[in-house]
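Novice:
Protein chains: 2
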Amino acid sequence: MTLYGGQGDPARTMALLWRAHSPATEDAPRQRTGRAAPGPKQGLTVDAIIEAAIAVADADGMDRLSMRAVGDRLGTSAMALYTYVPSKRELVDLMYDHAHAGWPQTYPTGDAPRSAVLAWADDLWDRYLRHPWLLQVSYARPVLGPHEQSVLESLLGILHGADLPPQSLRPGVSALFHLVRGAAQTAAEGRAAAAATGTSDQQWWTERSALLARLAPDFASRFPHSTALGGASSDMDYDPVRQARRALDGGLRLLLDGLLPPDD
Amino acid sequence: MTLYGGQGDPARTMALLWRAHSPATEDAPRQRTGRAAPGPKQGLTVDAIIEAAIAVADADGMDRLSMRAVGDRLGTSAMALYTYVPSKRELVDLMYDHAHAGWPQTYPTGDAPRSAVLAWADDLWDRYLRHPWLLQVSYARPVLGPHEQSVLESLLGILHGADLPPQSLRPGVSALFHLVRGAAQTAAEGRAAAAATGTSDQQWWTERSALLARLAPDFASRFPHSTALGGASSDMDYDPVRQARRALDGGLRLLLDGLLPPDD
DNA sequence: GACAACTCCGTACGCCGTAAGCTAATGTCT
DNA sequence: AGACATTAGCTTACGGCGTACGGAGTTGTC
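Read top to bottom, the protein sequences are chains A and B. Under the numbering used here, the first residue of the first sequence carries the number 524, and numbering increases by one thereafter. Under the numbering used here, the first residue of the second sequence carries the number 524, and numbering increases by one thereafter.
#1: Is it buried or exposed for B/Ala547, if we count other Cβ within 10 angstroms and need 16 for buried?
#2: Given a threshold of 16 other Cβ atoms within 10 Å of its Cβ, counted over all protein chains shown, does A/Ser691 qualify as buried or as exposed?
#3: How is the alpha helix (DSSP H) around A/Ala698 delimited, first residue to last?
#4: Near B/Thr789, which residues of its chain fall below 6 angstroms by C-beta distance, leaving aside the five closest residues on each side in sequence?
#5: Excluding sequence positions up to five away, which residues of its chain have a Cβ less than 8 angstroms from the Cβ of B/His654?
#6: Indicate whether the contact test is met: 3 or more Cβ pairs, each with one atom in the stretch 729-743 of chain A and one in the stretch 729-745 of chain B, closer than 8 angstroms.
#7: Assign A/Arg637 to buried or exposed, taking buried as 16 or more other Cβ atoms, counted over all protein chains shown, within 10 Å of its Cβ.
#8: Are B/Leu778 and B/Leu702 close, meaning C-beta to C-beta below 9 angstroms?
#9: Quick check on the burial criterion: 16 or more other C-beta atoms within 10 angstroms. Buried or exposed for A/Arg518?
#10: Under the rule that 16 or more other beta-carbon atoms within 10 Å means buried, what is B/Asp620, buried or exposed?
#11: Taking 8 angstroms as the cut-off, does the stretch 590-605 of chain B touch the stretch 627-644 of chain B (at least 3 CB pairs, one atom from each stretch)?
#12: So what's A/Val660 in DSSP terms, helix, strand or just coil?
#13: With a threshold of 16 other CB atoms inside 10 Å of the CB of B/Ala710, please say whether the residue is buried or exposed.
#14: Alpha carbon to alpha carbon, what distance is there between A/Phe742 and B/Ala624?
#15: For B/Gln725, count neighbouring C-beta atoms within 10 Å of its own C-beta (all shown protein chains included) and say buried if the count is 16 or more, exposed if not.
#16: Once the 5 residues before and after A/Val788 are set aside, which same chain residues still bring their CB inside 6 angstroms of it?
#17: Can you say whether A/Gln554 is buried or exposed, counting buried as having 16 or more other CB atoms within 10 angstroms of its CB?
#18: Suppose you measure from the CA of A/Ala644 to the CA of B/Trp656; what does that come to, to the nearest Å?
#19: Which residues of chain B have a Cβ atom closer than 7 angstroms to the Cβ of A/Trp541, listed in chain order?
#20: Here's a check: name, in chain order, each residue in its chain whose Cβ is nearer than 7 angstroms to the Cβ of B/Ala770, leaving out the five neighbours to either side.
#21: Check the Cβ of A/Arg765 against every Cβ in chain B and list those closer than 9 angstroms, keeping chain order.
#22: Distance, Cα to Cα, B/Pro689 vs B/Ala698?
#23: Which residue comes first and which comes last in the alpha helix (DSSP H) that contains B/Val593?
#24: Along chain B, which residues have their Cβ under 8 angstroms away from the Cβ of A/His683?
#25: Cβ atoms of B/Gln565 and A/Tyr662: under 9 angstroms apart, would you say?
#26: If the cut is a Cβ gap below 9 angstroms, which residues of chain B does A/Ser697 touch?
#27: Looking at the structure shown, is B/His621 part of a helix, part of a strand, or coil, going by DSSP?
#28: Name the two residues that bound the continuous alpha helix (DSSP H) containing A/Trp727.
#29: What is the rounded straight-line gap between the Cα of A/Gly594 and the Cα of A/Ala603?
#30: Going along the chain, which residues of its own chain have a beta-carbon closer than 8 angstroms to the beta-carbon of B/Ser677, five neighbours each way excluded?
#31: How would you list, in chain order, the residues of chain B whose beta-carbon sits under 8 angstroms from the beta-carbon of A/Pro533?
#32: So, does the CB of A/Gln690 fall closer than 9 angstroms to a CB anywhere in chain B?
#33: Using 10 angstroms around the beta-carbon of B/Asp616, count the other beta-carbons present and answer buried if the total reaches 16, otherwise exposed.
#34: Does any C-beta atom of chain B lie closer than 9 angstroms to the C-beta of A/Arg745?
#35: With DSSP run on the structure shown, which of helix, strand or coil describes B/Asp762?
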């Protein structure tokens with residue numbers, strides 16, 4: 524199920540999200556009271572925690588991400604993290620933003636906004652497949668961090684050059700995000716399913732068909748169009764990542780036909 | 524985080540999914556051994572469990588859906604459910620399919636496939652907003668039940684009439700699903716956030732802006748396009764559901780411009 | 001030297017999914 | 001009628017989770 528973000532204390536979360544990037548708030552829980560700073564030195568940093576958490580999620584998946592697991596990786600306990608991070612939810616928010624770091628500031632457009640959009644989508648697709656747990660964090664979250672913001676900003680930069688009808692901008696942006704995200708999710712989950720069950724994609728698919736044929740022998744007559752669509756041609760590609768990627772490319776083509784003038 | 528479905532024993536899951544709809548397997552765990560049926564009468568049914576679980580998810584959200592909660596609602600314990608359903612994962616799969624029940628078999632197309640697609644998308648949007656937890660179940664799941672299958676089948680029926688280039692069919696279908704699902708997710712989560720915090724959408728938005736202005740005073744110069752996009756006009760609509768719906772309508776328009784000939 | 005502020009973190013609580021196994025009910029077979 | 005295999009229902013319990021709470025130890029200021 525989707526993990527909803529942005530639910531803790533918004534001020535605290537946003538301070539953490541924008542902390543290093545803002546000239547105003549230098550850093551740290553330490554600074555919260557305006558006064559000095561007694562007490563032991565801090566042994567961890569928020570960034571170290573974020574990176575450890577991302578490492579856990581990348582390696583073992585979001586299901587296995589727990590405060591205890593992050594603590595283990597850092598050689599401490601789960602509770603030690605709570606000095607730096609108010610809760611797991613906030614940590615996920617921070618992970619989410621951090622995983623979008625290093626995004627290109629701009630994409631070369633020239634006279635070809637279409638290929639720039641495709642490059643942007645390709646980068647986002649890569650990012651999602653590299654950190655599939657990103658797709659399990661709600662993207663309707665309203666607490667945006669600086670790195671996520673860059674992803675949006677770079678797309679807007681591309682579209683700014685193309686002369687869109689102004690009322691197409693917002694829907695176009697939403698649609699592009701939804702398409703990439705949806706396709707990447709399909710790909711990531713197909714890949715994960717194959718890895719989890721250990722059966723090849725083709726093998727798995729034929730087993731499923733046999734089962735369906737037995738349980739629902741009238742399938743073909745009840746769902747003729749689905750049957751036609753699923754009809755396996757001999758050169759069928761069972762790899763879920765390639766399938767999803769092809770669907771994404773096609774979907775982007777259709778959408779951009781409606782959105783942009785053709786590159787030339 | 525997204526709950527991955529379709530991971531239990533596929534044969535058992537599919538038998539449950541297609542059970543009532545198939546002439547072959549009459550029903551029930553009872554029947555699994557070919558032999559007769561000693562032991563106490565069964566006091567529950569799979570359908571009752573599914574419906575109770577959906578009621579819990581509708582009322583309290585997916586986070587609060589637990590086997591114990593479903594058991595409580597049925598006046599029994601959590602463990603009593605395991606006679607009927609192999610695990611929570613399978614139960615979620617069954618819930619997912621069941622929540623798509625009653626889908627229109629066909630949409631009137633006439634010469635207007637475009638409006639038929641829009642009606643289909645509208646129905647799906649409604650369904651998602653009525654059962655927002657559906658959006659937290661992965662839709663890349665390959666174990667399809669009969670009701671989900673009808674959703675796809677009806678769309679294919681519409682598109683069959685329009686003469687699409689054949690290579691546009693799959694990407695078009697994927698894109699339509701992704702658009703509706705993405706928009707509904709944005710809407711549902713915005714709605715949930717407003718309900719959870721108790722602040723009005725407008726109030727919440729202005730607080731967020733003030734916070735951002737303080738933490739990242741250089742926001743406008745670093746993200747000029749985002750700033751321009753977010754620029755609040757006086758007649759701005761803060762309601763997240765309406766916003767997402769408008770984005771969906773616009774996105775569908777763009778996509779269908781690329782996909783279909785205009786209705787007339 | 002006193003004290004306040006702070007970090008660190010062990011313990012514990014109430015959740016969760018579900019494995020294991022007992023009890024009692026029911027059918028078939030002798 | 002009685003024996004017995006099979007099954008549903010359910011209790012108990014285990015190992016996980018997020019995190020509240022509070023004690024212990026460390027560091028700065030007065």
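All residues carry an ideal CB built from backbone N, CA and C; glycine is no exception. Given the structure is predicted, the values throughout are model-derived calculations rather than measurements.
Specialist: Short version:
#1: Its pLDDT being 38, under 50, B/Ala547 is placed unreliably by the model, and nothing is read from it.
#2: buried
#3: 689-720
#4: An answer regarding residue 789 of chain B cannot be provided, because it is not within the stretch 524 to 787 covered by chain B.
#5: Ile577, Ala580, Asp581, Ala622
#6: no
#7: By the 10 Å Cβ count, A/Arg637 comes out buried.
#8: yes
#9: Outside the displayed span of chain A (524 to 787) sits residue 518 of chain A, for which this structure offers no information.
#10: Under this definition B/Asp620 is a buried residue.
#11: no
#12: strand
#13: buried
#14: 17 angstroms
#15: exposed
#16: Summary: the structure shown does not reach residue 788 of chain A, with chain A confined to residues 524 through 787, and so no result is reported for it.
#17: Any reading at A/Gln554 is ruled out, since the residue's pLDDT is 41, under 50, leaving its predicted position unreliable.
#18: Spanning the two alpha carbons is a distance of roughly 28 angstroms.
#19: Leu738, Ala739
#20: Ala706
#21: By Cβ distance, chain B contributes nothing, its closest Cβ being about 13 angstroms from A/Arg765, past 9 angstroms.
#22: Approximately 15 angstroms between the Cα atoms of the pair.
#23: 590-596
#24: His748
#25: With respect to B/Gln565, A/Tyr662 sits apart: the two C-beta atoms are not nearer than 9 angstroms.
#26: Leu702, Gly705, Ala706, Thr709, Ala767, Ala770, Leu771, Gly773, Gly774
#27: DSSP places B/His621 within a helical segment (H, G or I) once states are collapsed to three.
#28: Boundaries of the alpha helix (DSSP H) harbouring A/Trp727: 724-738, taken from the DSSP string.
#29: Between A/Gly594 and A/Ala603, the C-alpha separation is close to 7 angstroms.
#30: For B/Ser677, where only same-chain residues beyond five positions count, the Cβ hits under 8 angstroms are Trp626, Pro627, Gln628, Thr629, Tyr630, Trp643.
#31: Result: Glu730, Arg731, Leu734.
#32: yes
#33: buried
#34: Closer than 9 angstroms to some Cβ of chain B, the Cβ of A/Arg745 qualifies, so yes.
#35: B/Asp762: coil per DSSP, three-state reduction.
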